[in-house]
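**Q** Handing you a structure now.
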Amino acid sequence: MSTLQAKYPYYLNNKAVYANEDLEVTDKYTGEVATRCALADPKAIDEGIAGAVRAAEPMAKMPSYEKKAVLEHCVSRFKERFDELAMALCIEAGKPINDAEGEVTRLIDTFQIAAEESTRMHGELQALDISPRAKGYQGMWKRVPIGPCSFISPFNFPLNLAAHKIAPALAVGCPFVMKPASRTPLGRSSWVKFWPRRTCRKAHSQSSPARATVLICLPSMTDLNCYRLLVHPMLAGI
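Everything in the sequence shown is counted per the working numbering, starting at 163 for the first residue and increasing by one.
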């Protein structure tokens, strides 16, 4: 049976940070403290946002095949650590094992779909010659990443509702700051570490800008810290 670590970090700009052990994660069946997780303070949140901003341009330049490879790597790792992820859900969310395994399966499906869609971010060519005046005119449009995003996910489906934000962001090339629910932070904290190392370079790295992604998972409990993720002027999407 998979067991929890004694403590979990938050992830800031691709690095695990054991800043503190302030967040107690309880076993919802026993009510006892099962593990502890690091909490992000305002400075860490601001650093995370700044890192996402730095990563916006290099992530936007990532070719489709690289984004697909990142997502497929995640799918592979989720399958390898299936039991670990399911057991974490049982403990932190109090889910029966069948429900927990179903959620991990949905996590895998979501990333697999995103991997497939990452190579289909097409535009469209449109005919504009609807009148004699517009003879010979055409228009075209294409989808482009909007830039750094902030994500806040709830407690009831810790993996699924985070996956529905993160997987599409990776598919289109958007860096992000993720705040998981303080009651269920383990799923996100554990599967961020599965990221392929080749994509986890610093955002300001010039050696391979197309592979510079920023991964940020910051549990935080204060309303003020959540508010920072909602109103920060450098964040393009919520």
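Heads up, the beta-carbon is just placed ideally off N, CA and C, and yes, glycines get one too.
How close, in whole Å, do the beta carbons of L391 and G349 come, if the pair is a contact with beta carbons under 8 angstroms?
**A** Reading the sequence shown from its first residue, position 229 is the one you call residue 391. Reading the sequence shown from its first residue, position 187 is the one you call residue 349. Not confirmed; about 19 angstroms, so no contact.
**Q** Would you report the Cα separation of V179 and D291, rounded to the nearest angstrom?
**A** Taking the first residue of the sequence shown as 1, we reach residue 179 at position 17. Taking the first residue of the sequence shown as 1, we reach residue 291 at position 129. If I take the Cα positions, the gap works out to 57 angstroms.
**Q** Applying the criterion that 16 or more other CB atoms from any shown protein chain within 10 Å of the CB defines a buried residue, is R360 buried or exposed?
**A** Counted from its first residue, the sequence shown places residue 360 at position 198. Model confidence at R360 stands at a pLDDT of 48, short of 50, so the residue's coordinates are unreliable; what they give is reported in the following sentence. Classification of R360: exposed, given that the 10 Å Cβ count is below 16.
**Q** Assign N175 to buried or exposed, taking buried as 16 or more other Cβ atoms, counted over all protein chains shown, within 10 Å of its Cβ.
**A** Counted from its first residue, the sequence shown places residue 175 at position 13. Answer is buried; the Cβ neighbour count reaches 16.
**Q** Return the bridge partner residues of Q288 from the DSSP annotation.
**A** Along the sequence shown, one-based indexing puts residue 288 at 126. Q288 pairs with G301.
**Q** What do you reckon, are the CB atoms on V215 and F240 nearer than 8 angstroms?
**A** On the sequence shown, position 53 is the one that residue 215 refers to. On the sequence shown, position 78 is the one that residue 240 refers to. No, the Cβ-Cβ distance between V215 and F240 is not below 8 angstroms.
**Q** How far does the beta strand (DSSP E) with I314 in it extend, from its first residue to its last?
**A** Translated into the one-based positions of the sequence shown, residue 314 becomes position 152. Counting along the chain, the beta strand (DSSP E) containing I314 begins and ends at C311 to I314.
**Q** Hey, quick one: how far does the beta strand (DSSP E) through T188 stretch, first residue to last?
**A** Within the sequence shown, numbered from 1, the residue matching residue 188 stands at position 26. Unbroken beta strand (DSSP E) run through T188: L185 to T188.
**Q** Should G301 be flagged as near chain B, meaning a C-beta pair shorter than 8 angstroms?
**A** In the displayed structure, chain B is absent; only one protein chain is listed.
**Q** Got a sec, what are the start and stop residues for the beta strand (DSSP E) R198 sits in?
**A** As a working mapping, residue 198 is identified with position 36 in the sequence shown. Its beta strand (DSSP E) spans residues V195 to C199.
**Q** With a threshold of 6 angstroms on Cβ separation, who are the neighbours of V376 within its own chain once the five nearest residues in sequence on each side are excluded?
**A** The residue given as residue 376 occupies position 214 in the sequence shown. Unreliable placement is indicated for V376, whose pLDDT of 48 sits below 50; the coordinate value is still reported in the next sentence. Excluding sequence neighbours, V376 sits near N175, G213, A214, A217, P337 and A365.
**Q** How many angstroms separate the CA atom of K400 from the CA atom of P294?
**A** Translated into positions along the sequence shown, residue 400 becomes position 238. Translated into positions along the sequence shown, residue 294 becomes position 132. The displayed chain sequence assigns Ile, not Lys, to residue 400. One C-alpha to the other measures close to 43 angstroms.
**Q** Would you grab the beta carbon distance between P307 and A222 for me? Rounded to a whole angstrom, and I think it's under 8 angstroms.
**A** Position 145 of the sequence shown, counted from the first residue, corresponds to residue 307. Position 60 of the sequence shown, counted from the first residue, corresponds to residue 222. At roughly 5 angstroms, the Cβ-Cβ gap stays under 8 angstroms, so P307 and A222 are in contact.
**Q** Per DSSP, K205 forms a beta bridge with which residues?
**A** To locate residue 205, count along the sequence shown from 1; it is residue 43. Answer is none; K205 lacks a bridge partner.
**Q** Using the C-alpha atoms, what's the distance from A277 back to A231?
**A** Taking the sequence shown and counting its residues from 1, one reaches residue 231 at position 69. Taking the sequence shown and counting its residues from 1, one reaches residue 277 at position 115. For A231 and A277, the distance between alpha carbons rounds to 7 angstroms.
**Q** Could you have a look at K241 and say whether DSSP puts it in helix, strand or coil?
**A** If you number the sequence shown from 1, residue 241 lands on position 79. K241: helix per DSSP, three-state reduction.
**Q** Once the 5 residues before and after L233 are set aside, which same chain residues still bring their CB inside 7 angstroms of it?
**A** As a working note, residue 233 is residue 71 in the sequence shown. For L233, where only same-chain residues beyond five positions count, the Cβ hits under 7 angstroms are F273, A276, A277, S280, A329, L332 and A333.
**Q** Name, in chain order, the residues that DSSP records as bridge partners for G399.
**A** Counting from 1 along the sequence shown, the entry for residue 399 is found at position 237. For G399, which the question treats as bridged, DSSP gives the partners C311.
**Q** I believe F313 touches A255 by the beta-carbon criterion, under 8 angstroms. Please report the beta-carbon distance rounded to the nearest angstrom.
**A** Residue numbering aside, residue 313 sits at position 151 when the sequence shown is read from its first letter. Residue numbering aside, residue 255 sits at position 93 when the sequence shown is read from its first letter. So it is not a contact: roughly 18 angstroms between Cβ atoms.
**Q** Taking 8 angstroms as the cut-off, decide whether the C-beta atoms of P310 and A398 are in contact.
**A** The count along the sequence shown starts at 1 and reaches residue 310 at position 148. The count along the sequence shown starts at 1 and reaches residue 398 at position 236. Closer than 8 angstroms, so yes.
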